[in-house]
Amino acid sequence: MTIAALIVAAGRGSRAAGTLDVPKQYAGLAGQPLLTRTLAPFLSEPAIAHVIVVIHAGDAELYRAAIPSGGGKLLEPVHGGATRQASVLAGLAALEAHRPQSVLIHDAARPFVDRAIIGRVIGALKTSPGAIAAEPLADTLKRATARQTIGETIARDGLWRAQTPQGFHFEAILAAHLRAAAEGRSDFTDDAAVAEWAGISVALVHGSSRNVKITTAEDLAIAGTLLSQPLEPRIGSGFDVHRFVPGDHVWLCGVRIAHTHRLEGHSDADAPLHALTDALLGALGDGDIGQHFPPSDPKWKGAASRLFVEDAVRRVAARGGRIVNADITLLCEAPRIGPHRDQMRAAVAGMLGIEAGRVGVKATTTEGMGFTGRGEGLAAMASATLLLPA
Ligand code: MG
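In our numbering, the protein residues as written are 35 to 424.
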């Protein structure tokens with residue numbers, strides 16, 4: 035699936051204007067233009083082939099200053115229209131030549147988007163023509179009367195706050211936008227609304243409470259505080275063992291490897307991913323894998339162990355932290371790990387939402403000694419470093 039990202043940065047930000055000397059998407063946030071920060075996770079996501087930014091015609095110089103090094107997957111910016119909808123359509127039209135199968139549309143004013151959120155939207159597009167990042171509503175909603183007293187309380191069951199990125203199958207969302215433009219509809223407040231109007235089914239996936247939209251100068255100040263919060267390093271370690279039983283393949287670091295045996299376990303018995311999950315939970319001081327995913331729960335029977343890692347990654351994000359690196363050591367006489375090392379590193383990096391250069395996968399035998407030496411089982415150790423708000 036060829037995926038493109040379209041970043042909408044053409045707005046004039048009237049609600050922030052007056053207090054900022056540049057449009058908010060170019061305002062500095064902890065020493066970086068907001069747009070630069072927003073673009074980074076899309077540019078570093080290997081699944082995304084093209085990134086295009088829709089800018090205001092008057093902002094070309096600001097854009098060049100914010101994004102000095104173009105090239106690679108970043109396409110030349112295009113000029114937006116009078117409304118957000120017109121700007122998105124201009125971006126979609128420019129992407130058409132690159133024939134993407136899917137497109138993620140994202141507001142430049144959401145600089146806290148990360149690879150984990152992007153990955154969830156991309157994942158959902160495999161089974162749905164549309165998918166958006168969103169969060170269930172936590173606040174109770176009140177409808178005000180004309181006198182600004184409470185008229186009624188609105189049940190919040192099933193209510194979600196839409197965020198971006200919003201992903202769609204490319205041909206479907208382009209056709210929907212073209213039809214909306216042709217019919218003079220310009221009142222949709224997001225692309226999911228255009229999709230709904232066109233009858234495209236749109237799935238909701240979890241965004242993040244951090245994935246806020248910077249609308250006012252005050253939001254920008256709060257975001258700056260969030261970023262300037264001191265971080266402290268946290269190191270966690272994990273260890274796991276599974277027994278070899280007759281079979282024909284093993285799962286290690288999310289990679290299926292043909293082997294003379296399989297590893298016995300309730301889940302897919304991917305010992306290195308279990309050790310890695312424990313390393314992340316350990317660094318958080320948040321229990322262990324057995325506590326969060328009890329083997330007694332039939333739900334985890336045969337489960338892909340990447341689910342456990344991804345749960346730990348969400349726990350890191352929920353604490354406002356980020357993963358710096360992870361290092362895994364496998365202890366076994368067989369199978370040979372070397373030929374699969376790079377695939378394993380890429381798989382783990384994908385689960386953690388970090389570059390493969392931050393993931394180590396190593397292996398050693400135990401010189402024929404002990405249970406690993408006798409081929410009775412495989413052991414795995416992992417460590418992970420996090421940065422958490424102090
Ligand atoms: Mg285990």
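Yeah, the Cβ is synthetic: ideal placement off N, Cα and C, and Gly gets one too.
Determine the direct distance from the alpha carbon of proline 134 to that of alanine 165, and round the result to whole angstroms.
Along the sequence shown, one-based indexing puts residue 165 at 131. Along the sequence shown, one-based indexing puts residue 134 at 100. Computed Cα separation, rounded: 16 Å.
Determine the closest residue to glutamate 95 out of Gly106, Pro111, Thr399 and Ile86, with distance taken between C-alpha atoms.
Along the sequence shown, read from residue 1 onward, the residue named residue 95 stands at position 61. Closest by alpha carbon: Pro111.
Leaving aside the five residues before and after leucine 238 along the sequence, list all residues of the same chain whose C-beta is less than 7 Å from its C-beta, in chain order.
In the sequence shown, residue 238 corresponds to position 204, counting from 1. Closer than 7 Å at the Cβ level, and outside the excluded window around leucine 238, lie Ile166, Ala168 and Trp194.
Counting along the chain, where does the alpha helix (DSSP H) carrying threonine 187 start and finish?
Translated into the one-based positions of the sequence shown, residue 187 becomes position 153. That residue, threonine 187, is in no alpha helix (DSSP H); its beta strand (DSSP E) goes 184 to 188.
Kindly confirm or deny that the stretch 183 to 192 and the stretch 147 to 162 touch, where touching means at least three C-beta pairs closer than 8 Å.
no
One question on the structure: do leucine 422 and glycine 316 come within less than 9 Å of each other, judged by their Cβ atoms?
Within the sequence shown, the letter at position 388 stands for residue 422. Within the sequence shown, the letter at position 282 stands for residue 316. No. Outside cutoff.
Go to isoleucine 156, then tell me how far its alpha helix (DSSP H) extends in each direction, as first and last residue.
Against the sequence shown, residue 156 aligns to sequence position 122. Isoleucine 156 -> alpha helix (DSSP H) spans 149 to 158.
The stretch 392 to 410 in contact with the stretch 355 to 374 per 3-pair CB rule at 8 Å
yes
Report all residues for which the CB-ligand distance to some heavy atom of ligand 1 is below 6 Å; order them along the chain.
Asp274, His276, Gly299, Ala305 and His308
Contiguous alpha helix (DSSP H) assignments of at least 4 residues, all confined to the stretch 218 to 249:
225 to 231
Cα-Cα separation, aspartate 55 to alanine 43
Taking the sequence shown and counting its residues from 1, one reaches residue 55 at position 21. Taking the sequence shown and counting its residues from 1, one reaches residue 43 at position 9. Cα-Cα distance, rounded: 16 Å.
Find out if the Cβ-Cβ distance for the pair histidine 113, alanine 91 is shorter than 9 Å.
Locating residue 113 in the sequence shown gives position 79, counting from the first residue. Locating residue 91 in the sequence shown gives position 57, counting from the first residue. Result yes, Cβ atoms of histidine 113 and alanine 91 sit closer than 9 Å.
Whole runs of the beta strand (DSSP E) within the stretch 349 to 420, excluding any shorter than 3 residues
356 to 365 and 393 to 398
List the whole-angstrom C-beta distance separating valine 347 from leucine 286, where the pair is believed to meet the contact cut-off of C-beta under 8 Å.
What you label residue 347 is simply residue 313 of the sequence shown in a count that begins at 1. What you label residue 286 is simply residue 252 of the sequence shown in a count that begins at 1. Valine 347 to leucine 286, Cβ: 19 Å. No contact.
For the stretch 261 to 278 against the stretch 291 to 304, are there 3 or more C-beta pairs whose distance is under 8 Å?
yes
State the Cα-Cα distance for the pair glycine 185 and arginine 46, rounded to the nearest angstrom.
Against the sequence shown, residue 185 aligns to sequence position 151. Against the sequence shown, residue 46 aligns to sequence position 12. So the two alpha carbons sit approximately 34 Å from each other.
Phenylalanine 405 versus Gly153, Leu175, Ala303 and Ala368, residue with shortest Cα-Cα distance:
Within the sequence shown, the letter at position 371 stands for residue 405. Comparing Cα-Cα distances from phenylalanine 405 to each of Gly153, Leu175, Ala303 and Ala368, the minimum goes to Ala368.
Please return the same chain residues whose Cβ sits closer than 7 Å to the Cβ of glutamate 298, not counting the five positions on each side in sequence.
Position 264 of the sequence shown, counted from the first residue, corresponds to residue 298. If we look at glutamate 298 and ignore the five residues flanking it on each side, its Cβ neighbours are His276, Arg277 and Val279.
Go to histidine 84, then tell me how far its beta strand (DSSP E) extends in each direction, as first and last residue.
Residue 84 sits at position 50 when you count from the first residue of the sequence shown. Element bounds for histidine 84: 82 to 89.
Can you tell which of Thr174, Val246 and Ala209 has its C-alpha closest to the C-alpha of isoleucine 151?
For the purposes of this step, residue 151 is taken as residue 117 along the sequence shown, with counting starting at 1. Looking at the Cα atoms, Val246 is the closest of the given residues.
Tell me, which residues are paired with aspartate 274 by DSSP?
Translated into the one-based positions of the sequence shown, residue 274 becomes position 240. Answer is Ala414.
Whole-angstrom distance between glutamate 205 and valine 137, CA atom to CA atom
One-based indexing of the sequence shown puts residue 137 at position 103. One-based indexing of the sequence shown puts residue 205 at position 171. Between valine 137 and glutamate 205, the C-alpha separation is close to 9 Å.
Mind checking serine 235: buried by the 16 CB within 10 Å criterion, or exposed?
Residue mapping note: residue 235 aligns to position 201 of the sequence shown, counting from 1. Exposed, because fewer than 16 other Cβ atoms sit within 10 Å of the Cβ of serine 235.
From what residue to what residue does the alpha helix (DSSP H) around serine 301 run?
In the sequence shown, the residue the question calls residue 301 occupies position 267. Segment: none, serine 301 is in no alpha helix (DSSP H) and carries neither H nor E.
For glutamate 169, report the span of its beta strand (DSSP E) as first-last.
Working through the sequence shown from its first residue, we reach residue 169 at position 135. Per DSSP, glutamate 169 belongs to the beta strand (DSSP E) from 164 to 170.
Cutting at 6 Å between CB atoms, please list the residues of its own chain near phenylalanine 273, excluding the five before and the five after it.
Locating residue 273 in the sequence shown gives position 239, where the first residue counts as 1. Answer for phenylalanine 273: Ala309 and Met415, listed in chain order.
Under 8 Å by Cβ, that's how I've got isoleucine 37 and alanine 81 pegged, so tell me the actual separation to the nearest angstrom.
By one-based count along the sequence shown, residue 37 stands at place 3. By one-based count along the sequence shown, residue 81 stands at place 47. About 6 Å separates the two Cβ atoms, so the contact holds.
Distance check for valine 289 and histidine 374, CA to CA, integer angstroms please.
For the purposes of this step, residue 374 is taken as residue 340 along the sequence shown, with counting starting at 1. For the purposes of this step, residue 289 is taken as residue 255 along the sequence shown, with counting starting at 1. Each residue's alpha carbon lies about 8 Å from the other.
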